[in-house]
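The block underneath contains the structure these notes are about, expressed in structure tokens.
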Amino acid sequence: MRAARYWARSLPMRLRVLVLTILVLLFSFTHVAAATPPAEPILRIETGMHTALIKRIAVDALGRYLATASDDKTCRVWDIKTGEQLRVLRPPIGHEYEGRLYSVAMSPDGRYVFCGGWSGYGWDKAHSVYVFDRESGQLVRRLTGLPSVVNHLAISRDGAYLAAVLGEDGLRVWRLSDLALVGQDRDYKGESYGAAFDGKGHLATACYDGAVRLYRVADTGLTLLAKTQTQGGARPFSLAFSPDGSQLAVGFTDTPAVTVLDAETLGLLGAPNLAGVDNGNLATVAFAADGSLLAAGRWVTDRGCPIRSFKPSDYVQYRDLDTGKSAVVALCPLPDGGVAYGTVAPRWGVLRPDGSFGMTRSPAIQDYRSSVRAFYLDRTGETVGYAVGGRKGVYRFALPGRDLRHIDAVTPDMAAPRTQAAGLTVAGWEGGRTPTLNGQPLKMKDFETSFSLAIAPDNRRLILGTSWNVRAYGADGAPLWQTPAPDTVWAVNVSGDGRMVVAAMGDGSIRWYRLEDGRELLSYFPNADGKRWVLWTPTGYYDASPGGEDMIGWNVNNGPDHAADFFPASRFREAYHRPDVVDMVPRALDEDRALAAANVARGGDVRAPSVLTARPPVVEILSPAPGGGFAAPDMAVKYAVRSPGGEDITAVRVLVDGARVLEQRPNLAGRGLEPSVLTSNVALPERDVVLSVVAENKNGPSAPATVKLKWTGRAAAPAAPASKLYVLAIGAGAYADKSLSLTYPAKDAQDFAAAMALQKGKLYSDVVVRTLTDEAATKEAILNGLDWIERQTTQHDVAMIFLAGHGVNDKNGDYYFLPTTVELEKLRASGLPFMEVQKTIRNIAGKTLFFVDTCHSGSIMGASRRGMTDVNGVINELSSAGNGAIVFAASTGRQYSLEKPDWQNGAFTKALVEGVLGKADVKRTGRVTFKMLDLYISERVKELTGGEQTPTTGVPGTVEDFPIAAY
504 MRAARYWARS
514 LPMRLRVLVL
524 TILVLLFSFT
534 HVAAATPPAE
544 PILRIETGMH
554 TALIKRIAVD
564 ALGRYLATAS
574 DDKTCRVWDI
584 KTGEQLRVLR
594 PPIGHEYEGR
604 LYSVAMSPDG
614 RYVFCGGWSG
624 YGWDKAHSVY
634 VFDRESGQLV
644 RRLTGLPSVV
654 NHLAISRDGA
664 YLAAVLGEDG
674 LRVWRLSDLA
684 LVGQDRDYKG
694 ESYGAAFDGK
704 GHLATACYDG
714 AVRLYRVADT
724 GLTLLAKTQT
734 QGGARPFSLA
744 FSPDGSQLAV
754 GFTDTPAVTV
764 LDAETLGLLG
774 APNLAGVDNG
784 NLATVAFAAD
794 GSLLAAGRWV
804 TDRGCPIRSF
814 KPSDYVQYRD
824 LDTGKSAVVA
834 LCPLPDGGVA
844 YGTVAPRWGV
854 LRPDGSFGMT
864 RSPAIQDYRS
874 SVRAFYLDRT
884 GETVGYAVGG
894 RKGVYRFALP
904 GRDLRHIDAV
914 TPDMAAPRTQ
924 AAGLTVAGWE
934 GGRTPTLNGQ
944 PLKMKDFETS
954 FSLAIAPDNR
964 RLILGTSWNV
974 RAYGADGAPL
984 WQTPAPDTVW
994 AVNVSGDGRM
1004 VVAAMGDGSI
1014 RWYRLEDGRE
1024 LLSYFPNADG
1034 KRWVLWTPTG
1044 YYDASPGGED
1054 MIGWNVNNGP
1064 DHAADFFPAS
1074 RFREAYHRPD
1084 VVDMVPRALD
1094 EDRALAAANV
1104 ARGGDVRAPS
1114 VLTARPPVVE
1124 ILSPAPGGGF
1134 AAPDMAVKYA
1144 VRSPGGEDIT
1154 AVRVLVDGAR
1164 VLEQRPNLAG
1174 RGLEPSVLTS
1184 NVALPERDVV
1194 LSVVAENKNG
1204 PSAPATVKLK
1214 WTGRAAAPAA
1224 PASKLYVLAI
1234 GAGAYADKSL
1244 SLTYPAKDAQ
1254 DFAAAMALQK
1264 GKLYSDVVVR
1274 TLTDEAATKE
1284 AILNGLDWIE
1294 RQTTQHDVAM
1304 IFLAGHGVND
1314 KNGDYYFLPT
1324 TVELEKLRAS
1334 GLPFMEVQKT
1344 IRNIAGKTLF
1354 FVDTCHSGSI
1364 MGASRRGMTD
1374 VNGVINELSS
1384 AGNGAIVFAA
1394 STGRQYSLEK
1404 PDWQNGAFTK
1414 ALVEGVLGKA
1424 DVKRTGRVTF
1434 KMLDLYISER
1444 VKELTGGEQT
1454 PTTGVPGTVE
1464 DFPIAAY
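Count along the sequence shown from 1, add 503, and you get the number used in the working numbering.
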């Protein structure tokens, strides 16, 4: 456009105006018409780890940082020593394949991360390499116009050049100083997946045309020095230069072979000893710093998929290094002689030079590959049972009641998928690309693979789960519908009433579909810890266990040239946390009808706003860096904050270990993608801390930006306990309405208060207790107690609130604690809204622990009322970063809390008191931390109740473990 203006200046004025007008119109038209990444928010699973296979890994020259690229459309940066996730790099993404990352490289200094894959084709009709700043996570540049997917990236050892191999479109090389293209070779006759630099200005590539190519790379261009057809296999996949640059190792995908070539001539030097390697492949090769050759891939032994390591220059002697059960797809040598690896699990890890395990990060997704024939449904399809890899028995999850538990065997009402039926013979469906029905092929896409099968109860339809889709066919084999799947469909089943299809996916989710037309209804993601879960509709209405709601959220693109944002579901809790809608979906078989029915029950038409109009701010800590040290108690914290929707920033809070230490009200004008950079001086204790920053606009608080910092100053001398403990213990059992009476809440509160009072002079300088039980537990007294503990607790103290009695949700889902003076027909006036507890917890300056036991049995609301007790939302709200409490709940979801005369307490309080008195300290350290207490309560209550009650704990991500009792 600038050149056009210059050219137009030479024309007569009238003609100049006409030409410029036409040029502006053409310029505007082409830019409006150009496609951009999808603007609508895209729901994604987020676990803090990849949810799909890791394709490639990369490290910096000093071995400090590891980058991992995955099919889950994220690139993640890790501290290689601690395993801490430092950044999630989010390129713009689309639906289906758009955004999947197949390659990653890191500049030797660790400053930049380069990644690509199926990257940008959806809007540019060409692919890109994304260039991210590692520290900030910002997308700083795109290398555009690439004709095919980016299968592999490599950076020269001196950091001068970046190479990319592009599907069947050959090689591109850029100069990193200015990202100028210095050379390319399009003469490739197959897919290319491998490229490697030596330290002498040479680059080698591997291609499925059977050739290995060797180039000299310079600013003046590429020079092809040699090309050879490989002898070990037809499909060379990866290659690696030895540390001295004299040898080049090649791995193959079509055969379990490795060859070693002369790095100058590409002549064959030999092959290593592959005794016992009789299956799969050793497609991935690398050289360790000491010259040891490493090879791994899909070679499977009875111990899993090992890495074979050969001694330097002697490819006869070897040892096999265990990495687990998943195929190894990436290897990176480390400067200390160890090696980092990535697997399809997805898992990454480090092997030390002696072959022992270093840091390992395992997936948070369940592995359903063993569920093909062990995927169970009750008749309605609302209760699902699933087997997971490496564990006997099955997990059972019931949508009604939200009951998740592990059982040794399924009950008789649960049915496995039918894979055989009279008149229907399905063959070739287990891992095949050509399944048949009664000898006739079932139509699928080229290269699509079938993995699971279920025949409907009426024998008129069958369901296939494939690598890409959930597919339905008629009894004659005619395709009825297909619905794209987010990952491989490892198991499918059809409900006994013939209404729903349920499928278990490779991304760890289980999804419900309408059998009639394949429309997706509901998704369920259980974390691999067996405790946390989240349920959601296609629009994003959700329900979640404590700690589960942030396992989903919305990816929002910011155009093709900026990193995308991710907003956890908790940021929109008020609008999207709708357990009532989730309840209605299986009955209505339609999300819109379910929402309408839930709104009728609420008495109003309530619809969630668009995520785009309700986005909170985004904040990033610029300094100090994650894992950094500090030797002085004062620190300048630098952070960037922006408001994507343009709303003003109204507040910024700095938290240390979850407690607010600073709050500012800057009233910054919202500037969309342009951040404001602020600095706050923060006082820090002389110990390791978790530092967090939260920003707020009219839509609510941001997700916290968090860094862990290490105290590097002089160790403090032992001192007498300085902090105080304030305890507010409330037990409501003797209700004025005798139908609500409970036996043990008052005693529970008294016993807890007495146990904590013993901490005076031990962990705390003083313990101040206020107890409200039975007749004293009125609404007014409880509110006064909340005011008291908020006023008394300083930032150096600890507050504990214990609450036992009845709790209910009203028809709108709002949670109330019932004081002993409550009148159920006047719940709003006489009940204690949990909003009051939330306000108190949010305003308490010190660390806060909240113990709640309010899910007691009894038809509290009566048959004519729709209220039901569901404490999950309360726990998630109170344990969010904005409130900062560690919440211990007696039970999860809609379970009842149990009490027995033998215990003289509720099960929860019995376990709680035992734990703080020392039984939670199983290693006899002399102290009980909140995580020790969590583990003890969980196991003890399970033991006491025979598994009928499941206590749960909500912990803010801004809080590290700390002691709460000593003995």
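Here a beta-carbon is modelled for each residue, glycine too, at the ideal position from N, C-alpha and C.
- For secondary structure counted as the beta strand (DSSP E) over 3 or more consecutive residues, the segment 822-865 holds these complete runs in sequence order: 831-836, 842-846, 851-854, 860-864.
- When Cβ pairs closer than 8 Å are counted between the two stretches, the segment 966-978 is seen not to touch the segment 1064-1072, the count staying below three.
- Take GLY735, set aside five residues on each side of it, and the residues of its chain with a beta-carbon closer than 8 Å to its own are VAL753, PHE755, THR758, ALA760, VAL761, THR762, ALA774, in chain order.
- Around the beta carbon of VAL1085, a 10 Å sphere encloses 16 or more other beta carbons of the protein chains shown; the residue is thus reported as buried.
- 9 Å or more divides the Cβ of LEU1286 from the Cβ of PHE1353.
- The continuous alpha helix (DSSP H) containing PHE1411 extends over residues 1410-1417.
- DSSP links GLY619 through a beta bridge to SER606, VAL632.
- Counting other Cβ atoms within 10 Å of its Cβ, ILE583 reaches 16 or more and is therefore classed as buried.
- The distance from the Cβ of ALA1134 to that of THR1215 is about 5 Å, consistent with a contact at the 8 Å cut-off.
- In the three-state DSSP reduction, ILE1055 falls in the strand class (E or B).
- Per the DSSP secondary-structure output, LEU1243 pairs with nothing in a beta bridge.
- Each of ALA1257, TYR879, SER1048 was checked against the Cα of ASP916, and the nearest Cα belongs to TYR879.
- Comparing alpha-carbon positions, the option among ASP1000, GLU1177, LEU1447 lying closest to GLU1123 turns out to be GLU1177.
- Counting along the chain, no alpha helix (DSSP H) covers TRP1214; the unbroken beta strand (DSSP E) around it starts and ends at 1208-1214.
- The C-alpha of SER795 is placed about 8 Å away from the C-alpha of SER816.
- No residue range can be given for SER1394, since it is assigned to no beta strand (DSSP E) and is classified by DSSP as neither H nor E.
- Here the alpha carbon of GLN750 sits roughly 56 Å from the alpha carbon of GLY1149.
- A distance below 6 Å between beta-carbons, with the five flanking residues on each side excluded, links GLY1387 to the following residues of its chain, in chain order: GLY1161, PRO1459.
- One Cα belongs to THR922, the other to THR787, and the distance between them is close to 37 Å.
- One thing to note: VAL634 has its Cβ within 9 Å of the Cβ of LEU682.
- DSSP, reduced to helix, strand and coil, places ASN784 outside both helices and strands of the structure shown, so it counts as coil.
- Counting of Cβ neighbours within 10 angstroms places PHE900 among the buried residues, the total reaching 16 or more.
- Look at ARG811 here: in three-state DSSP terms it is strand.
- Taking the Cα positions, ALA709 is about 14 Å away from ALA789.
- In this structure ILE1292 touches LEU1231 by the C-beta definition: roughly 5 Å separates them, less than 8 Å.
- ALA792 is not a Cβ neighbour of LEU556, given a cutoff of 9 Å.
- Residue environment analysis places PHE950 among the exposed positions, since fewer than 16 neighbouring C-beta atoms fall within 10 angstroms of its C-beta.
- In this structure the segment 1205-1214 touches the segment 1186-1197; the number of beta carbon pairs closer than 8 Å is three or more.
- Three or more beta-carbon pairs separated by less than 8 Å are not found between the segment 1101-1113 and the segment 1168-1182, which leaves the two stretches without contact.
- At a cut-off of 3 residues, the continuous stretches assigned as beta strand (DSSP E) that sit fully inside the segment 1014-1081 are 1023-1029, 1036-1039, 1045-1047, 1055-1059, 1068-1071.
- Cβ contact annotation for ALA1047 (same chain, cutoff 6 Å, sequence separation greater than five): VAL1037, in chain order.
- In the three-state DSSP reduction, LYS584 falls in the coil class, being neither helix nor strand.
- When C-beta atoms of the segment 950-964 are compared with those of the segment 978-996, three or more pairs fall below 8 Å, so the two segments count as touching.
- Exposed is the label assigned to LEU684, since fewer than 16 other Cβ atoms lie within 10 Å of its Cβ.
- Sequence-distant partners of HIS909 (beyond 5 residues in either direction) whose C-beta falls short of 8 Å from its own C-beta, in its chain, are ARG894, GLY896, VAL897, TYR898, ARG899, GLY1033.
- Taking C-beta atoms under 8 Å as the contact rule, TYR1247 and ASN1408 qualify, at a distance of about 6 Å.
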